[in-house]
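Chemist:
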Amino acid sequence: MLSPRQLFLQHQAQTTDFPLLLEVERAEGVYMYGPNGERYLDLISGIGVSNVGHRHPRVLQAIQGQLEKYLHLMVYGEIVQAPPAQLAHALAQTLPAGLDNVYFVSSGSEAVEGACKLAKRFTGRTELVAFENAYHGSTQGSLSLNGSESFKRAFRPLLPDVRHIRHNQVEDLAQITSRTAAVILETVQGEAGVRVPSVDYLQALQARCKEVGALLILDEIQSGFGRTGTFWAFEQFGVVPDILTCAKGMGGGMPIGAFISRQEIMHSLKNDPMLGHITTFGGHPVSCAASLATLQVIQEEELLLQVNAKAARFKERLVHPAIKEIRNLGLMMAVEFDSFDILKPIIDNAILKGALTDWFLFCDKSMRIAPPLTITFPEIDEACDIILAAIAEEVR
Ligand code: PMP
C-alpha cells in the first residue's frame, strides 16, 4: 500500500519545484497536525483562507446544518435557496449603500472572470486596464490581467485589449481612457509581496475612472474578509468600487467566490442575450452556509479590533539585520530579505521548528505572514521565536 505522500507524488499533478510536502492529518484553530505528532503553527492560512482559523466550530455547525437539508439542487440563479440569499444580504450589510447585488461563483479566478465580463457588457467597451505585478488568477481571462510576463508567455495569445500600467503612479492614469471598460486593482497587491497603494493614489484612480466612464473593479480576494483590519481593505482608502471581487477567506475553508456590484450594473447580465454568466456550482448552499457563519464570527467575535495590534506585535518582535523591511496592512504582511537564496532555508528551517510560512509568487525574497485573525499574542510570540531562531541558524 503506497503512502499518501507516494500517491501524491505519483498521481497528483505537480505544480511547483518546491512543494512544501508537509503531510497534515488534522487542523484546528491556528495549528495543523501531522501523522506523527508534528504540530505546525499556520502563518499563511492557506493563502488568506482560514481567517477565522481552521474548523471554527460555528462554521462546522453551519456546514452540518446544511448537510441535513440539501447539497446541490440546480445551476446558479434558478431556485430560491436560503443560504445564498441570506449570505448576499449579509454581504450587502458590510458594504456601502448600493453595492448590494451579488453573483456567487466558486473561486477567485471565476469572480474576476465574471467581474470583467460584467464591465464589458455594461459599458459596451472592450479594454481592460490592470497593473504591474498584479495577480488575479489562473484561468485564461484572469491570467491575461496578471502583471508578470513570465507567467503569461507560454499561453499567448491571451485576451486582447489588456493594458498594464504601473502601480501607484499617478502619471500612468492618463492611459485610462473612454475606451476602457474597467480598471482592475487588488486594493492591496498580494502576490506582488504586499504592496499598499497611497490613499491619494486610490482616490485619483477612482476619480479618473469616473471622469472617463470606466468601472473600477477592486479585487479583494486576498485582502477581504477582515485580513487587513477592516472588513474590506478599501474602507481604509475612502474609495468605493463599482465591482468588488472576493473569495478565499470568504468561505471559512469552503470554496466560494463572488463578484458584487450595483443593481443597475448587474442587471446588464440579464439583457439580451440572456444569461450573461452561467455557473453550475456557484452559490453552493454548503459553501454559502459556511460563508455566512464566517462573516458572523468575524463580526461577533470582534476579530477586526485586534488585527492592527497583532500586526504591530509581529513587527516589534521581528527585528534582525537580515530583515530588510516589513510591509503590511493589518495581518497581510511581507517580511523582506535580500534574496530567495537567503529566505528559502529560513522558511525550511521554520517549518522543521513548527511554523509554516512561504513566499510570494512575484516576490520570492519576502516571507508571507498571514495567520488566522484568531491568532493570540502568545501564539504570535511563539511564531516570532521560531522565525528568529531559524534566521539565527541560517544567516551567517
Ligand atoms: N485575485 C487575487 C488577489 C488572488 O490573491 C487570487 C489567489 N491567489 C486570485 C485572484 C485567484 O483566486 P483563485 O486561486 O481562487 O482562483
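Under the working numbering, think of the first position of the sequence shown as 801, with each following residue one higher. Quick reminder that beta carbons are idealized off the backbone N, C-alpha and C, glycines included.
1. Report the rounded CA-to-CA distance for N933 versus V1040, giving the unit in angstroms.
2. In this structure, what does DSSP give as the bridge partners for G745?
3. Just to check, is the beta-carbon of G993 closer than 7 Å to a non-hydrogen atom of the ligand PMP?
4. By DSSP's criteria, W1159 is part of a beta bridge. Which residues make up the other side?
5. What are the residues that DSSP puts in a beta bridge with N1128?
6. Three-state secondary structure (DSSP) at I965?
7. Work out the CA separation of L1173 and T816 for me, nearest whole Å.
8. Roughly how many angstroms separate the alpha carbons of R1027 and S1091, rounded to a whole number?
9. Look at N1149 and A1190 and say whether their C-beta atoms are less than 8 Å apart.
10. Please go through the segment 914 to 991 and give each complete alpha helix (DSSP H) segment of 4 or more residues, from N-terminal end onward.
11. Can you tell me which of F1177, Q1003, P804 and I1175 puts its alpha carbon nearest to the alpha carbon of P1204?
12. Starting from I847 and walking both ways along the alpha helix (DSSP H), at which residues does that stretch end?
13. Spatial neighbours of R855 within its chain, please: CB distance less than 6 Å, with the 5 preceding and 5 following residues excluded, ordered by chain position.
14. How about H1084: is its Cβ closer than 7 Å to a heavy atom in the ligand PMP?
15. Does the ligand PMP have even one heavy atom less than 7 Å from the beta-carbon of G990?
16. If you reduce the DSSP assignment to three classes, tell me which class S909 lands in.
17. Using a Cβ-based criterion (distance less than 7 Å to any ligand heavy atom), does A1047 qualify as near the ligand SAM?
18. Counting C-beta neighbours from all protein chains within 10 Å, is the total for P884 16 or more, i.e. buried, or is it exposed?
19. Exposed or buried, which one is N1071 when buried takes at least 16 other CB atoms within 10 Å?
20. Look at the alpha carbon of I1078 and the alpha carbon of C1046, and state the distance between them as a whole number of angstroms.
Modeler: Per the coordinate set shown:
1. 22 Å
2. This structure does not reach residue 745, given that the chain is present from 801 up to 1196, and the question cannot be answered.
3. no
4. M1167
5. DSSP lists M1133 as the beta-bridge partner residues of N1128.
6. strand
7. 28 Å
8. 15 Å
9. Yes. Within cutoff.
10. 940 to 945 and 949 to 952
11. Outside the shown range of the chain, which is 801 to 1196, sits residue 1204, and nothing can be said about it.
12. S845 to G848
13. E828
14. False, no ligand heavy atom lies under 7 Å from that Cβ.
15. yes
16. helix
17. Absence of the ligand SAM from the depicted structure is noted, with the ligand PMP being the only ligands included.
18. buried
19. exposed
20. I1078 and C1046 have their C-alpha atoms spaced approximately 18 Å apart.
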